[in-house]
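J.:
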Amino acid sequence: MTQEEKKSHAFSSEQLETVYSMIGSNEPSLFSVLQQLSKKYDEETKLQLTKEFCLQCHSDENSRVGMEFLYMNGLYTELKTLIDKNTLSTNSLNKELADIYSFMLNRRVNKEGDLLKFTKDYSFNVQDPTVECLIIFMKIYGYFQRLEYERFEEFQEELTERLLNIDNTLLRIYFQIRENELLFLFHWKKGQVKIARRYGLSILENTLNQEKKCDMLVDLGLTYLFEDYQKTMDYIKTAEEIATSYQLNYYIKGINNKVIPFVCAFHGKTEGVKTEDTAEKAHLLIKSGDIEKGISILETLENKTPFQEYYLGIATNDIDLLKRSYHRFLNEQNDYFFAQLPKHHIEKREVKL
2 MTQEEKKSHA
12 FSSEQLETVY
22 SMIGSNEPSL
32 FSVLQQLSKK
42 YDEETKLQLT
52 KEFCLQCHSD
62 ENSRVGMEFL
72 YMNGLYTELK
82 TLIDKNTLST
92 NSLNKELADI
102 YSFMLNRRVN
112 KEGDLLKFTK
122 DYSFNVQDPT
132 VECLIIFMKI
142 YGYFQRLEYE
152 RFEEFQEELT
162 ERLLNIDNTL
172 LRIYFQIREN
182 ELLFLFHWKK
192 GQVKIARRYG
202 LSILENTLNQ
212 EKKCDMLVDL
222 GLTYLFEDYQ
232 KTMDYIKTAE
242 EIATSYQLNY
252 YIKGINNKVI
262 PFVCAFHGKT
272 EGVKTEDTAE
282 KAHLLIKSGD
292 IEKGISILET
302 LENKTPFQEY
312 YLGIATNDID
322 LLKRSYHRFL
332 NEQNDYFFAQ
342 LPKHHIEKRE
352 VKL
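The opening residue of the sequence shown carries number 2 in the working numbering; numbering runs sequentially from there.
1. Run through DSSP, which three-state label would Ile237 get?
2. Please check the pair Cys55 and Ile24, which I expect to be a contact at CB under 8 Å, by giving their CB distance rounded to whole angstroms.
3. Just how far apart, CA to CA, sit Ser26 and Tyr102?
4. Which of the three DSSP states is assigned to Phe263 in this structure?
5. Spatial neighbours of Tyr150 within its chain, please: C-beta separation below 6 Å, excluding the five flanking residues on both sides.
6. What is the rounded straight-line gap between the Cα of Lys86 and the Cα of Gly114?
7. With a threshold of 8 Å, are at least 3 pairs of Cβ atoms found where one atom belongs to the segment 195-202 and the other to the segment 218-235?
8. Buried or exposed: which applies to Gly273, given that a residue is buried once 16 or more other Cβ atoms fall within 10 Å of its Cβ?
9. For the alpha helix (DSSP H) that Lys191 lies in, which residues bound it at each end?
10. Tell me the DSSP secondary structure of Tyr42 in three-state form.
11. Sort Glu45, Glu44, Asp43, Gln49 by Cα distance to Ala20 and report the nearest one.
12. Determine the DSSP secondary structure at Asn335, reduced to helix, strand or coil.
13. Quick check: what's the CA-CA separation for Ile136 versus Thr120?
14. Would the segment 170-181 and the segment 70-80 be scored as touching if the rule is three or more Cβ pairs under 8 Å?
15. Kindly list the residues whose CB is nearer than 7 Å to the CB of His345, restricted to its own chain and excluding five residues on each side of it in sequence; keep chain order.
16. Of the choices Ile315, Phe153, Phe330, His328, whose alpha-carbon is the least far from that of Ala266?
17. May I ask which residues mark the beginning and end of the alpha helix (DSSP H) holding Gln211?
18. Looking only at C-alpha atoms, which of Ile296, Phe138, Leu148, Tyr144 sits nearest to Leu164?
19. Which of helix, strand or coil does DSSP assign to Asp435?
20. Pull up the distance between the alpha-carbon of Gly255 and that of Ser93, whole angstroms please.
21. I'd like to check one pair, Phe156 with Ile167: are the Cβ atoms closer than 8 Å?
22. Got a sec? Which residues, its chain only, sit under 6 Å from Arg350 by beta carbon, not counting five neighbours each side?
23. Please determine, among Ser33, Leu89, Ser22, Lys81, the residue with the shortest C-alpha to C-alpha distance to Asn63.
24. Do you know whose CA, among Ser22, Glu28, Thr279, Glu303, lies nearest Lys294's CA?
25. Quick one: is Ala240 buried, meaning 16 or more other Cβ sit within 10 Å of its Cβ, or exposed?
26. Is it buried or exposed for Val260, if we count other Cβ within 10 angstroms and need 16 for buried?
27. Does DSSP put Arg350 in a helix, in a strand, or in coil?
28. Going by alpha carbons, who is nearest to Ser60 out of Asn95, Lys305, Tyr327?
29. Taking the beta carbon of Arg329 as the centre, do at least 16 other beta carbons fall within 10 Å, making it buried, or is it exposed?
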């Protein structure tokens with residue numbers, strides 16, 4: 002079950018009355034709604050009731066901010082409904098934002114649309130900081146999709162300036178989460194883990210999206226890969242608990258078949274660890290001493306990733322393979338963090354990179 006599939010959440014008449022009593026000509030801001038619901042309900046109920054408010058609200062501002070709320074919480078079916086509502090609005094800003102969120106939703110759900118082409122060709126109908134911030138975010142996402150993380154620095158000053166002009170509290174919070182996600186990835190991939198962790202922890206404190214929590218917990222755990230096995234596993238196990246609680250089967254499978262086997266193999270703690278992933282199965286075999294079997298599995302893989310070349314390099318003690326893995330991490334993936342995997346083995350052999 003995904004976050005979006007929680008939409009079937011059943012409400013009591015008292016819960017619905019709480020929401021409907023706030024809707025009308027003098028309705029509170031979406032941020033105030035969240036605050037009021039926080040006093041009475043658990044996190045999941047609060048999320049679902051706020052979703053209901055977004056779909057029924059009357060004010061143009063709540064309808065606009067509601068699209069960001071639904072998008073950032075993975076409630077895509079409801080987002081489509083709210084986009085359609087805003088498309089028919091007489092408010093020009095609502096209509097423009099509906100177009101932008103429609104593009105974002107199509108990319109997220111159908112994997113269609115070129116971010117950099119969209120932003121390059123974009124013609125502003127309304128000069129508004131919300132629109133300006135979203136376009137900047139989309140440009141950065143486009144470059145991050147190309148693994149060009151360093152391009153973030155080109156937009157950071159402009160983004161900060163535009164964010165200061167956002168006067169809606171909830172929108173500012175969600176845009177800050179967006180920026181923190183970018184900053185986390187930017188610093189993590191540069192190997193600046195202490196800085197990255199600050200942004201990751203901030204995301205965990207501010208998001209209601211359980212899938213986003215799982216992603217961030219796993220990534221935060223991996224930032225400790227070279228420092229602290231137990232801390233790495235604690236974060237990953239917390240992610241697994243959330244995924245199990247919310248029936249996020251995609252995350253459960255990924256954590257159990259890829260993440261945990263990878264971490265355990267790296268630290269040589271292979272006893273009792275199982276996986277259905279071919280490469281990680283080979284990794285576990287190599288680290289548990291069954292090197293020939295691990296090699297034979299890896300050699301069947303075509304178009305090996307830098308990780309798989311690293312596994313094969315440590316199994317065969319092949320410096321050239323380790324060097325190739327290292328340079329591929331840097332040149333193809335722009336990833337200075339995981340480039341440390343082959344780098345450590347190369348340096349142990351006192352070989353120059």
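Just so it is clear, CB atoms sit at the ideal spot from N, CA and C, and this is done for glycine as well.
T.: Once the coordinates are examined:
1. helix
2. About 10 Å; that fails the 8 Å criterion.
3. 25 Å
4. helix
5. When the five nearest sequence neighbours on each side are left out, the beta carbons in the same chain lying within less than 6 Å of the beta carbon of Tyr150 are those of Phe187, Lys190, Asn335, in order along the chain.
6. 22 Å
7. The segment 195-202, when compared against the segment 218-235, does touch it at the 8 Å Cβ threshold.
8. exposed
9. Unbroken run through Lys191: none, as it is neither H nor E.
10. coil
11. The sequence shown places Val at residue 20, not Ala. Here the closest residue by C-alpha is Gln49.
12. Per DSSP, reduced to three states, the secondary structure at Asn335 is coil, with no helix or strand assignment.
13. 6 Å
14. yes
15. none
16. Ile315
17. 211-224
18. Phe138
19. Residue 435 falls outside the range modelled here, since the chain spans only 2 to 354, and no answer is possible.
20. 43 Å
21. No, Cβ-Cβ distance for Ile167 and Phe156 is not below 8 Å.
22. none
23. Ser33
24. Thr279
25. buried
26. buried
27. Coil, per DSSP.
28. Asn95
29. The residue in question, Arg329, is buried, as its Cβ has 16 or more Cβ neighbours within 10 Å.
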